[in-house]
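Each residue of the sequence shown is one higher than the one before, starting from 1 at the first, in my numbering.
Taking it in order: structure first as structure tokens, then the write-up.
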Amino acid sequence: MKPIHVHIVGAFLIFGLLGFVSCGKSPVVPCETGDGSVLLTFRTGVAGAGAEVCAEGTPASDDSVVRQLHVVILSEEEGAAGEATGRWAVEVSRTIGTGTVGIPLSDAYTFRVRAGCRKRIYLLANCHGLIGIDGRPLDFSNAAFVPGADGRSAVDGYVFCLGTGKGEYSYDPVAGIPMSSVYEVEVPESEALDNNEYEISYTLYLVRAATKFSFSFTNRTGAVSEDAAKSIRVERVRIDRIAATRMYLMPHVLRNSDDRYWVVDTDRGSVVQLGAVGVEATEKDWIDWMVDETGKKNTDLYQWLIGYEIPLSQELHDPWRYTWSKGITVAPDNKKVEAAVPLYIPESRYVIQDEADASLELQQYTISFATSQRDNVLEDKAENWYPVDYSPVQLPYLASLFRNTYVKVDVTFTGENPELELQVDVEPYWEVILEPEFGI
């Protein structure tokens, strides 16, 4: 097994801000206001999706396409004294799109809802047909969204199966990556509104229930001498410590003892609490943080979201493998070869065991490659190719593999007996050169 030399490693959330961009008049759900009701309008987006769209208003990137959007709005009931009872009722449940074609990205959606109470808005994209751990399709009936005494609904705990077997889901951006989010908002009394209309001032973002890896390869073995040059065919990649078989549909982000969401700061030794002091925390806090991170111009200010749950314990994390069907052939010409498609895997949570400050629960993953190689002076015949496997190496700057994270791995083969250098670019800053001590 050959060692891998780690040159540079980093990670960044999928870049970009808007998945839904203005493309004409917004669709309005037909409705009429009456006593105690208002028209609620909101805009939706995909967290980390690129801003480019095609003429029909759909995203340029497959993994940003929403083929079917399920919107569920619940209202919190009030008691006789006008105070919240903690009981919720579904007042809107609507599926938009057939699931076969992408939904045009529009300005907004409008629904008729009861005024003067708190709403819980679920957004589920590309989720119908997912199979739960009981072997049955996930249930998206109204009852599945109504929270119990603990404040959580059945949907909040849904787990879908991953894999290539019967009833399992294998990530396919063309068919649609599952995405989800939930927001809580206060809708004013109708008397306080103009024309009985209330528009949420911020975008409600969907978050992909996946992480994304892309790979590129460069062969510099000919830099020493022409006789030392080797043709290399990359056949397999393996990433260890992945929760490869199950995935929560809804994010399970944790709060701290102050009932706040938090992230690890740039020093990797302290935490930052999200949201405004004295203001009730909602999932909007960490989703807004995720979107804000993509807009940072100074990439050494990157933070990590590490407090979340996954449906598998650390002991059940397994190696995740992918085989390129015909391999990726990289000639010794110092030209970068991009893997044709990115790879999607579930969020995971493998905590470093020997971390100095274990309370931060920073994570650690390893990656390795299997190749075939041929001395370039020999003919391209099967008998002249021989296997060369590269030992697993840690990705030391990947402190979290939370959903919607994008890791871009650039592999370079160097030397007469080729070793590897790894770099993960921080998008969209293509020209940034990162040092091993880089703060992310």
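Every residue, glycine too, gets a C-beta built ideally from N, C-alpha and C.
Being a predicted model, the structure only gives us computed values, none of them experimental.
task: Using three-state DSSP, classify G45 as helix, strand or coil.
output: Three-state DSSP puts G45 in a strand.
field: For Y386: DSSP bridge partner residues
entry: Answer by DSSP bridge pairing, in chain order: Q373.
field: Cβ separation of L312 and R246, assumed to be a contact under 8 Å, to the nearest whole Å
entry: Sure, about 5 Å apart at Cβ, within 8 Å.
- prompt: Do you know offhand how far E191's Cα is from T98's?
  reply: Near 38 Å, if we compare the C-alpha coordinates of T98 and E191.
message: Whole angstroms are fine: how far does the CA of Y202 sit from the CA of A228?
response: Taking the straight line joining both Cα atoms gives about 58 Å.
message: By the DSSP assignment, the beta strand (DSSP E) with I73 in it spans what residues?
response: Here the beta strand (DSSP E) through I73 covers 69-78.
query: Counting Cβ pairs, one atom from each stretch, are 3 or more of them under 8 Å apart for the stretch 259-273 and the stretch 117-134?
result: Of all C-beta pairs linking the stretch 259-273 to the stretch 117-134, fewer than three are shorter than 8 Å, placing the two stretches out of contact.
query: Does the Cβ of D292 have 16 or more other Cβ atoms within 10 Å, making it buried, or fewer, making it exposed?
result: It counts as exposed.
field: Within the stretch 93-149, ranges of the beta strand (DSSP E) (whole runs, at least 3 residues)
entry: With a minimum length of 3 residues, the continuous beta strand (DSSP E) runs that stay inside the stretch 93-149 are 109-114, 117-125.
- request: Leaving out five residues on either side along the sequence, give the residues of the same chain with a beta carbon under 7 Å from the beta carbon of A47.
  value: Cβ within range, chain order: Y205, L206, V207, I287, M290, V291, N404.
query: According to DSSP, is M441 helix, strand or coil?
result: Outside the shown range of the chain, which is 1 to 440, sits residue 441, and nothing can be said about it.
- request: With distances taken Cα to Cα, identify the nearest neighbour of V174 among L378, Q364, D62, S225.
  value: It is D62 whose Cα lies nearest to the Cα of V174.
message: Using a Cβ distance threshold of 8 Å, determine whether the stretch 336-344 contacts the stretch 210-218, with at least three qualifying pairs required.
response: Two segments are said to touch when three or more pairs of C-beta atoms, one from each, lie closer than 8 Å; by this definition the stretch 336-344 touches the stretch 210-218.
Cβ neighbour criterion (16 or more within 10 Å) applied to K230: Classification for K230: buried.
- prompt: When you compare only the Cα positions, how much space is there between V411 and I232?
  reply: Those two C-alpha atoms are separated by around 12 Å.
task: Pull up the distance between the alpha-carbon of I200 and that of F145, whole angstroms please.
output: So the alpha carbons of these two residues sit roughly 21 Å apart.
field: DSSP three-state assignment for G295, whether helix, strand or coil
entry: G295: coil per DSSP, three-state reduction.
query: What's the C-alpha gap between S225 and L254?
result: So the alpha carbons of these two residues sit roughly 55 Å apart.
message: On the criterion of 16 or more Cβ atoms from any shown chain inside 10 Å, does A60 qualify as buried, or is it exposed?
response: With a pLDDT of 48 at A60, under the threshold of 50, the predicted position of this residue should be treated as unreliable, and no value is reported.
task: Alpha carbon to alpha carbon, how far is C161 from G129? Give it in angstroms, no decimals.
output: If I take the Cα positions, the gap works out to 11 Å.
field: Per-residue DSSP class, three states only, for G86
entry: DSSP, reduced to helix, strand and coil, places G86 within a strand of the structure shown.
message: Helix, strand or coil for E361? Go by DSSP, reduced to three states.
response: Correct three-state label for E361: coil.
query: In this structure, does DSSP put L254 in helix, strand or coil?
result: DSSP places L254 in coil when its eight states are reduced to three.
query: Anyone know if the C-beta pair for V159 and L249 falls short of 9 Å?
result: Going by C-beta atoms, V159 is nearer than 9 Å to L249.
message: From the DSSP secondary-structure annotation, give me the bridge partner or partners of F217.
response: The partner list for F217 (beta bridge, DSSP) reads V337, V411.
- request: Would you kindly report the start and end of the unbroken beta strand (DSSP E) that includes K326?
  value: K326 -> beta strand (DSSP E) spans 318-330.
field: Which listed residue (S93, E78, D318) has its alpha carbon closest to that of R87
entry: Check the Cα spacing between R87 and each of S93, E78, D318: the tightest is with E78.
message: Taking 8 Å as the limit between beta carbons, can you name the residues of its chain near V101, skipping five residues before and five after?
response: The answer, listed in chain order, is R67.
- request: Grab the span of the beta strand (DSSP E) containing S442 for me, first residue to last.
  value: This structure cannot settle anything about residue 442, because the visible part of the chain is limited to 1 through 440.
task: Verify the CB distance criterion: does D389 have a CB-CB separation below 9 Å to chain D?
output: Among the chains in the structure shown there is no chain D, since it carries only a single protein chain.
task: Measure the alpha-carbon distance for G307 versus R112 and round it to whole angstroms.
output: Those two C-alpha atoms are separated by around 36 Å.
- request: Leaving out five residues on either side along the sequence, give the residues of the same chain with a beta carbon under 7 Å from the beta carbon of K284.
  value: Taken in chain order, the residues that qualify are Y183.
message: Rounded to whole angstroms, what is the Cα-Cα separation between Y447 and G275?
response: The structure shown does not extend to residue 447, since the chain is modelled only from 1 to 440, so the question has no answer here.
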